[in-house]
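**Q** Per this note's numbering, numbering of the sequence shown is gapless, rising by one per residue and ending at 270.
A virtual CB, placed ideally from N, CA and C, is assigned to each residue, including glycine.
The model shown is predicted, which means the values in this text are computed figures rather than measured ones.
A single structure is presented below for examination.
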Amino acid sequence: INECVDQSIDCGPNAECKNSEGGYFCTCEIGFSSSNGKEIFIAGQGIRCI
């Protein structure tokens, strides 16, 4: 199952969803960094790519 095709998953602007075994994660696009300083995060945590 590819969770990234689920329209309810919104990683936010300047971020993209990456499918993983058993789930998904979000990463920032090239040139952007997450507001919490971590490379990966889950949608809905309030983390932005800036």
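Should residue 262 be labelled buried (16 or more other beta-carbon atoms within 10 Å of its own) or exposed?
**A** Per the 10 Å Cβ criterion, exposed.
**Q** Mapping DSSP to helix, strand and coil, what is residue 259?
**A** Note: residue 259 maps to coil in three-state DSSP.
**Q** Using only alpha-carbon positions, find the residue among 231, 270, 257, 225 that is nearest to residue 246.
**A** If we check each option's Cα against that of residue 246, 231 comes out closest.
**Q** Is it buried or exposed, residue 253, if we count other Cβ atoms within 10 angstroms and call 16 or more buried?
**A** Classification of residue 253: exposed, given that the 10 Å Cβ count is below 16.
**Q** Under the three-state reduction of DSSP, which class applies to residue 224: helix, strand or coil?
**A** It is helical.
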